[in-house]
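All remarks here apply to the structure that follows.
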Amino acid sequence: MNRNRHRWLRLTLLGVGAMNSPRFAPAGLLLRYRRQRAAFDGGPGAEPPPGPLAAWLVTDERSELRSALRRSAALRNMSVRAGDLDLGEAAEVRVRRLPVAHTSHPTYGYRIEADGLLVVWAPEFWEFPTWAARADLMFADAAAWGRPIRFRGGVGGHASVQAVAEQAVRHDVRRLIHAHIGRPALRAIDAGLRPPMGEWGVEGRTYSLRLPGPGTNRALQNATDGAPTLPLTDRRRGALRVRRRP
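For the sequence shown, the working numbering gives the first residue as 52, with consecutive numbering after it.
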């Protein structure tokens, strides 16, 4: 059997909270491809599980969590950084750092590309990043609910869930995960409100995207294991599976 027929990108949410969230650990992501792993952001309570990491990438090298992240990385004899990364023997998975408008200093999001599929990690932004267009899966800011949060001095802030959902539709994002949940969004969750597009991120949930190999069926499928079935369009190839941590 061709070993390329069953290649998967597995993305696990380590945390889904904004900083100082009273409920969730800081937003973080673990990417797994074959035997390689990479972490994105996170913080106290949202550290990657034990084991080697190819890199620990961050979206803001000057964030309030930078000291905690550096301490956690130092325990693994590594450092955190904002930058690019290739995974796989032939660089089948390409992680690229791209700028986002968020605050007065440089901040970033990440495009994770593999065999025509696109995943976006962009947990904080003031303006929806146009480079996220046509993402198969996007993890996005959810610090604000109905109105954006503007930083003091008028430089940047957080887009609202409502605006993110609207822009995701406009930019043809296939599946949207609101994964940086702030207090206004927590109040919306407690009131039973749902985003107009997409779903709330769940700590410990794993999203698995199958990469098509030679001779595979490129029609989109949706399979779940311990999580609700969610509709997908058939605009792109591949398969997506979601799984909760037990």
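C-beta atoms are modelled at their ideal positions from N, C-alpha and C, and glycine is treated no differently. Nothing here was measured: the structure is a model prediction, and the numbers come from that model.
Residue nearest to residue i in terms of C-alpha spacing, selected from the options
i	options	result
V220	A184, P199, H229 and G208	A184
R85	P73, A97, L62 and P95	L62
G94	R121, A105 and R83	R121
A142	P157, A214, I163 and V171	I163
A69	H209, A216, P247 and V215	H209
W251	L260, D111, F190 and A173	F190
Y161	T154, S155 and P150	P150
H153	E112, S123 and G167	E112
N71	R83, H57 and G96	G96
P100	T110, L80 and V109	L80
A239	I228, E254, H222 and Q213	Q213
L138	E254, I228, P247 and R83	R83
Sequence-distant residues of its chain with Cβ nearer than 7 Å to residue i (five each side left out)
i	result
G102	R88
D135	V146, R147 and R148
S211	A195, W196, G197, R198 and P199
R74	G68 and L237
Y159	T110, A133, R148, L149, P150 and V151
A230	L64, V67, A78, P174, F190, A191, A193 and G252
W107	A90, A124, M129 and V131
R127	L104
Cβ-based burial, residue i [other Cβ within 10 Å; buried from 16]
i	result
L206	A quick correction: the sequence has Val, not Leu, at residue 206. Exposed, since its Cβ has fewer than 16 Cβ neighbours within 10 Å.
R256	buried
R269	Below a pLDDT of 50, predicted positions are generally treated as unreliable, and R269, at 37, falls in that range; the measurement from the model is reported next regardless. Exposed, because fewer than 16 other Cβ atoms sit within 10 Å of the Cβ of R269.
R245	exposed
D241	exposed
S118	exposed
E140	exposed
P235	buried
G249	buried
S155	exposed
Straight-line gap, residue i to residue j (C-alpha atoms, nearest Å)
i	j	result
E115	A125	17 Å
V67	E98	12 Å
A165	R226	16 Å
V144	T181	21 Å
F91	L64	10 Å
V215	R201	15 Å
A193	I232	5 Å
A133	G243	36 Å
F263	W172	Before going further, note that residue 263 is Pro rather than Phe in the sequence given. Cα to Cα, P263 sits roughly 22 Å from W172.
P77	L260	24 Å
L104	V224	29 Å
N273	G204	Its pLDDT being 35, under 50, N273 is placed unreliably by the model, and the measurement read from it follows with that caveat. Spanning the two alpha carbons is a distance of roughly 45 Å.
P157	H57	38 Å
E254	W177	23 Å
I228	G167	20 Å
H222	P247	15 Å
Same chain, Cβ closer than 6 Å to residue i, neighbours up to 5 away in sequence not counted
i	result
L169	A186 and D187
Q218	F179
W59	S259 and R261
Which full runs of the alpha helix (DSSP H) of 4+ residues lie inside the stretch 148-227, going along the chain? 212-221
Ordered list of beta strand (DSSP E) runs contained in the stretch 66-90, each at least 3 residues: 79-84
In chain order, which beta strand (DSSP E) runs of at least 3 residues are fully inside the stretch 119-143? 136-138
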